[in-house]
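Below is one structure, written out as structure tokens; comments come after it.
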Amino acid sequence: MRKVVPILLALLSFAPSSSGEGDEGAQALRHFLEDVVSLRSGFVQRIYASDSEEPQVSEGVLMIKRPGRFRWEYTSPTEQLVVCDGEKLWMYDPDLEQVTVREIDQSLRGTPAMLLSGQATLDETFRVLDSYREEGLVWVALEPLADSPEFENLRIGMADGVLKRMELTDSLGQMTRIDLSNVNTEADLEDGLFVFVPPDGADVIGQGGGF
Numbered sequence: 003m004r005k006v007v008p009i010l011l012a013l014l015s016f017a018p019s020s021s022g023e024g025d026e027g028a029q030a031l032r033h034f035l036e037d038v039v040s041l042r043s044g045f046v047q048r049i050y051a052s053d054s055e056e057p058q059v060s061e062g063v064l065m066i067k068r069p070g071r072f073r074w075e076y077t078s079p080t081e082q083l084v085v086c087d088g089e090k091l092w093m094y095d096p097d098l099e100q101v102t103v104r105e106i107d108q109s110l111r112g113t114p115a116m117l118l119s120g121q122a123t124l125d126e127t128f129r130v131l132d133s134y135r136e137e138g139l140v141w142v143a144l145e146p147l148a149d150s151p152e153f154e155n156l157r158i159g160m161a162d163g164v165l166k167r168m169e170l171t172d173s174l175g176q177m178t179r180i181d182l183s184n185v186n187t188e189a190d191l192e193d194g195l196f197v198f199v200p201p202d203g204a205d206v207i208g209q210g211g212g213f
């Protein structure tokens, strides 16, 4: 599958510091994670490679329904779908007619996407490094508690208590930025949006276990 899937898995591997408890960004993030039950948003994902000036740009729709469910629909430049039903993570590439499925185990619960969907708490998965204001957003800088081969650090930007941007940097210096737009934190989302049935003829990899 193409590059968006490793990025999603990275977003899907992170106890706050003692100084982080009172910081504005950490508090805003905690309130967001505790109070928001559903979310629907457009997103633009930009991947900045260390050896390239032009980012790889993808767009789509993000939906979250807590506890434990989310749906990432990539609509351009190519279609891909990632669905978590609370028990399994499904990744579907229509061009390849391929579905990859993975059980939600402890390794996935300690990741940013699972944090946003309510599969894990901030204290269980990340250490809060810093909180500050920049570019009109309240930022919280995080690092994973567990070793992660996918990324080294994560920044989350909030505005008016709502998630607006995520920036992820990997060990090779590649940075992924996800900007959210038209964020609706009271979205009425049907449960069926978070149920995935592999299409007829699709090649299913990893069903019943890991990849």
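First residue of the sequence shown? That's 3 in the working numbering, and the numbers climb one at a time after it. Where is the CB? At the ideal position from N, CA and C, for every residue including glycine. Predicted, not measured: the structure shown is a model, and the values here were computed from it.
Assuming contact is defined by CB atoms lying nearer than 8 Å, are residue i and residue j in contact in what I supplied?
i: Thr127; j: Leu117; result: yes
i: Ser52; j: Leu174; result: yes
i: Leu35; j: Leu124; result: yes
i: Ala204; j: Gln100; result: yes
i: Val85; j: Arg73; result: yes
i: Leu191; j: Lys166; result: no
i: Val185; j: Leu41; result: yes
In three-state terms, what does DSSP make of residue i?
i: Gln176; result: coil
i: Glu55; result: coil
i: Arg71; result: strand
i: Lys5; result: In this prediction, Lys5 has a pLDDT of 47, which is less than 50 and means its spatial position is unreliable; what the coordinates show is noted afterwards. Here Lys5 sits in coil by DSSP.
i: Glu36; result: helix
When the Cα atoms are used, what is the spatial distance from residue i to residue j?
i: Tyr50; j: Pro57; result: 5 Å
i: Trp141; j: Trp92; result: 30 Å
i: Arg48; j: Val39; result: 27 Å
i: Ser133; j: Glu26; result: 6 Å
i: Gly24; j: Arg32; result: The predicted model places Gly24 with a pLDDT of 43, which falls under 50 and marks its position as unreliable, so this point remains unresolved.
i: Glu145; j: Ser78; result: 30 Å
May I ask you to list the residues that DSSP assigns as paired with residue i?
i: Glu61; result: Val46 and Ser78
i: Gln100; result: Asp95 and Asp205
i: Arg161; result: Correcting the residue type first, residue 161 is Ala in the shown sequence and not Arg. In the DSSP output, where bridge partners are listed per residue, Ala161 has Val164.
Write down the C-beta distance between residue i and residue j rounded to the nearest angstrom, noting that I regard them as a contact closer than 8 Å.
i: Gly208; j: Thr102; result: 6 Å
i: Gly88; j: Gly70; result: 4 Å
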